[in-house]
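Residue numbers (the UniProt record's numbering): 1 to 405.
What follows is the structure, encoded as structure tokens:
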């Protein structure tokens, strides 16, 4: 009986601590906002159409299994939304996208449909439409993306300009992003054989710039965020390129806290960050999100950059990807490079020095693609290897924590 009372007391103290911490953060963010901005966000939260589905009257830790959608913890923090950018009116969204016309449709994605848009100040944007009535999963993804982009900021993440959560006409909600004029890495398909302009523009220097930029973004999520975050959707289509061809990681609706020492600890951290607690499997077959899954997917990106087969990770079936990896990886060896020309993009075979750099990147890719998750390197060491490719060949492999079987 005493133990039960003590545990209840500890739990109550923990909940109070988290409440106080969240309140302190709200007050901090409030100090950076004008009264009109705070009023605008608060009004959007109090509208019936916004609250009717899942908002609750108080923020509480669930003592049972996590529900599929945890809207209430996010909705109750108006200042968290204020940190996620500007609150757009529904009329502005319709005006910017020509009433969501098919001519402005970029693509239909798992988390929502993407449209080109142009705001009244003439700036170009991308608008994601999320139909909350279509699936619980899309509701969860909306919460995740708002939570992540409202809490973290880095020049390697796609900029979120704002959102539209006031819409009395239907269940559509919207996120507004900065427009990426060079789209994403999957746009450069077929560059190994056709000799077109995009092939010529993506030389090895630009490919390395893209690889290092994506690695920096993942390093931030894995090693600088508290708690550490896993991206969970690294592929060519989630690596966006801005007007200076700088990498911005997109597809952030799958981000979640990485695995922790205990289930209860992980649950508390996920609630503290206001991210949904997920349990589905990652690419490595682990029961929850982990950095190893991101590293594996990043290895596929590196291999695409080396071979020129960009977009394989975004467009191929699992069977086709598995077959491609089984054919390609045995030709990459730390001990010899004679087989490398068989798999690499012919445009990269220019001179011996360049070939050595390509060889080093291929070795890093193979290390990331190790079938044993525990043998994959941390992203901080992957970044170090990409920034110093010649060291991969000259230094002992273990010194860079790059392990190749």
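Glycine is no exception: its CB is placed at the ideal position from the N, C-alpha and C atoms.
Cβ pair residue i, residue j closer than 7 Å
i, j, result
"residue 156", "residue 216", "yes"
"residue 126", "residue 182", "no"
"residue 236", "residue 299", "no"
"residue 295", "residue 225", "no"
"residue 372", "residue 329", "no"
"residue 211", "residue 305", "yes"
"residue 154", "residue 379", "no"
"residue 106", "residue 164", "no"
"residue 258", "residue 291", "yes"
"residue 255", "residue 214", "no"
"residue 173", "residue 132", "yes"
Test: residue i CB closer than 7 Å to a CB of chain D
i, result
"residue 141", "Note that chain D does not occur in the displayed structure, where there is just one protein chain."
C-alpha gap between residue i and residue j, whole angstroms
i, j, result
"residue 144", "residue 128", "14 Å"
"residue 138", "residue 325", "32 Å"
"residue 149", "residue 336", "44 Å"
"residue 142", "residue 110", "11 Å"
"residue 104", "residue 124", "12 Å"
"residue 393", "residue 147", "41 Å"
"residue 315", "residue 353", "32 Å"
"residue 234", "residue 203", "22 Å"
"residue 308", "residue 91", "43 Å"
"residue 345", "residue 166", "49 Å"
"residue 376", "residue 370", "6 Å"
"residue 244", "residue 320", "33 Å"
"residue 388", "residue 355", "15 Å"
"residue 209", "residue 302", "12 Å"
"residue 134", "residue 112", "10 Å"
"residue 227", "residue 207", "30 Å"
"residue 429", "residue 231", "Residue numbering for the chain in the displayed model covers 1 to 405; residue 429 lies beyond these limits and cannot be assessed."
"residue 253", "residue 136", "13 Å"
"residue 168", "residue 186", "36 Å"
"residue 95", "residue 108", "20 Å"
"residue 34", "residue 347", "Legend: pLDDT at residue 34 = 45, less than 50; position of this residue unreliable, no value from coordinates given."
"residue 120", "residue 229", "35 Å"
"residue 322", "residue 122", "45 Å"
"residue 205", "residue 102", "37 Å"
"residue 297", "residue 361", "15 Å"
"residue 184", "residue 357", "24 Å"
Other residues of its chain near residue i: CB distance less than 7 Å, five sequence neighbours each side excluded
i, result
"residue 341", "349"
"residue 162", "85, 86, 87, 88 and 176"
"residue 219", "379, 380 and 383"
"residue 343", "307, 328 and 331"
"residue 171", "131, 132 and 133"
"residue 160", "84, 85, 149, 175 and 177"
"residue 196", "Caution applies to residue 196, whose pLDDT of 47 falls short of 50 and renders its modelled position unreliable; the value that the coordinates give is listed next. Around residue 196: no qualifying Cβ."
"residue 60", "No answer about residue 60 holds up, because its pLDDT of 29 lies below 50 and its placement is not dependable."
"residue 374", "none"
Cutoff 6 Å; reference residue i; Cβ partners in own chain excluding five residues on either side
i, result
"residue 339", "331"
"residue 250", "158, 238 and 240"
"residue 420", "Coverage of the chain is limited to positions 1 through 405, which leaves residue 420 absent and any answer about it impossible."
"residue 313", "235, 236 and 300"
"residue 97", "104, 115, 117 and 127"
"residue 317", "none"
Host alpha helix (DSSP H) of residue i (start-end)
i, result
"residue 210", "204-219"
"residue 302", "291-307"
"residue 383", "379-387"
Where the beta strand (DSSP E) containing residue i begins and where it ends
i, result
"residue 161", "160-164"
"residue 226", "Counting along the chain, residue 226 falls outside any beta strand (DSSP E), and DSSP gives it neither H nor E."
"residue 177", "172-178"
"residue 239", "239-241"
"residue 369", "Element bounds for residue 369: n/a, residue is neither H nor E."
"residue 157", "Unbroken run through residue 157: none, as it is neither H nor E."
"residue 376", "Looking at the DSSP string, residue 376 is not in any beta strand (DSSP E), and its letter there is neither H nor E."
"residue 248", "247-249"
Neighbourhood of residue i by C-beta, 8 Å cutoff - its chain only, sequence neighbours within 5 removed
i, result
"residue 242", "178, 180, 181, 182 and 248"
* To do: Kindly provide the ranges of any alpha helix (DSSP H) runs that are 4 or more residues long and lie completely inside the region 77-151, ordered along the chain.
  => 78-83, 90-96 and 136-151
* Within the region 314-352, ranges of the alpha helix (DSSP H) (whole runs, at least 4 residues) -> 318-328
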